[in-house]
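Report on the structure given below.
In full-length UniProt numbering, the protein residues as written are 1 to 316.
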């Protein structure tokens, strides 16, 4: 009985073709020639005794078996990347590479200010920031640390709650000068509202908001990208919802007594990685820094003196 031992180079080539859709694109991503990638794919197919791609006029189409095998190869790729991140740290200092997964909005609007003091304190740290609204597979080593807006349920993860981030309505001063300032929830109907498009989670949020306000909301401008929503608000196109610490930087709070919702913020890592000095340092920094960020939003709301459903009832 022969033992199959396909080499990692072949599997990397397989994954690159699967992700890019062609030999030429895979070759560019790997820094190889197209014939080299083709030879590695063919060698891998010989080693496992089955084809991985169908050759068509439109290029290479992965077989059903290839899609199943890709799950295992991708895990190996994540493990290989995690190995090199761990090996990048020298023994005596907090240094090396840490991969952090965050939602798109948090990565653009929040993380840069959180990372600045971390890099000042530990200049030997290199940060890989992954922006995705899908939860990273931490047990599968897709990332070292993640910031999530919901408590994780996987038993192998360590999670620390940093706090809650309040959300509110915001607009530019120029928009409010042109269209007037809403005095209550019923006034929102005559304004241009910016909101979500097809995201199921955001649609659930909108339904709960409408229950709180007691008003039907019509969003004239819709996108599932939260950074794009904020960009439209900043461009003076209408009124939208964003995190209080973000909106208060350069926008005007609309219906300031109303907290639209509160997002929990969690810092998460695999329990095995907490033994790493660099992971533990970044984890602790993010918990503290994100906690201060959350607290700043709560202080802003406390200064208004009213919050939650009471404000909505009063506004209606």
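Beta carbons: idealized from backbone N, C-alpha and C, even for Gly.
Who are residue i's beta bridge partners in DSSP?
i: residue 211; result: According to DSSP, which records beta bridges pairwise, residue 211 is partnered with nothing at all.
i: residue 130; result: 101
i: residue 403; result: Absent from the model: residue 403. The displayed extent of the chain is 1 to 316, so no value can be given.
i: residue 350; result: As shown, the chain starts at 1 and ends at 316. That puts residue 350 outside it, with no answer to give.
i: residue 226; result: None; residue 226 has no bridge partner.
Do residue i and residue j have their C-beta atoms closer together than 8 angstroms?
i: residue 147; j: residue 290; result: yes
i: residue 260; j: residue 171; result: no
i: residue 263; j: residue 168; result: no
i: residue 102; j: residue 131; result: yes
i: residue 40; j: residue 13; result: yes
i: residue 304; j: residue 256; result: yes
i: residue 33; j: residue 27; result: yes
Closest to residue i by CA distance: which of the options is it?
i: residue 353; options: 288, 156, 280, 293; result: Only positions 1 to 316 of the chain appear in this structure, which leaves residue 353 out of reach.
i: residue 95; options: 66, 116, 71, 125; result: 125
i: residue 176; options: 210, 215, 252; result: 252
i: residue 321; options: 11, 22, 133, 193; result: With the chain running from 1 to 316 in the structure shown, residue 321 is simply not present.
i: residue 128; options: 282, 43, 50, 39; result: 282
i: residue 155; options: 28, 8, 272; result: 272
i: residue 65; options: 50, 76, 77, 55; result: 50
i: residue 37; options: 55, 56, 179, 9; result: 9
Taking the straight line between their C-alpha atoms, what separation do you get for residue i and residue j?
i: residue 227; j: residue 144; result: 24 angstroms
i: residue 269; j: residue 110; result: 19 angstroms
i: residue 107; j: residue 46; result: 43 angstroms
i: residue 31; j: residue 104; result: 28 angstroms
i: residue 210; j: residue 286; result: 33 angstroms
i: residue 114; j: residue 153; result: 25 angstroms
i: residue 220; j: residue 195; result: 8 angstroms
i: residue 215; j: residue 230; result: 22 angstroms
i: residue 43; j: residue 134; result: 34 angstroms
i: residue 142; j: residue 174; result: 44 angstroms
i: residue 11; j: residue 72; result: 10 angstroms
i: residue 288; j: residue 265; result: 12 angstroms
i: residue 137; j: residue 76; result: 13 angstroms
i: residue 24; j: residue 284; result: 43 angstroms
Spell out a yes or no on whether the region 58-68 and the region 16-31 are touching, meaning 3 or more CB-CB pairs, one atom from each, closer than 8 angstroms.
yes
Does the contact criterion of 3 or more C-beta pairs under 8 angstroms hold for the region 201-215 versus the region 242-249?
no
The region 226-240 / the region 186-200 touching (three or more Cβ pairs under 8 angstroms):
yes
Segment contact flag, the region 159-166 with the region 292-301, C-beta cutoff 8 angstroms, min 3 pairs:
Verdict: yes, contact present.
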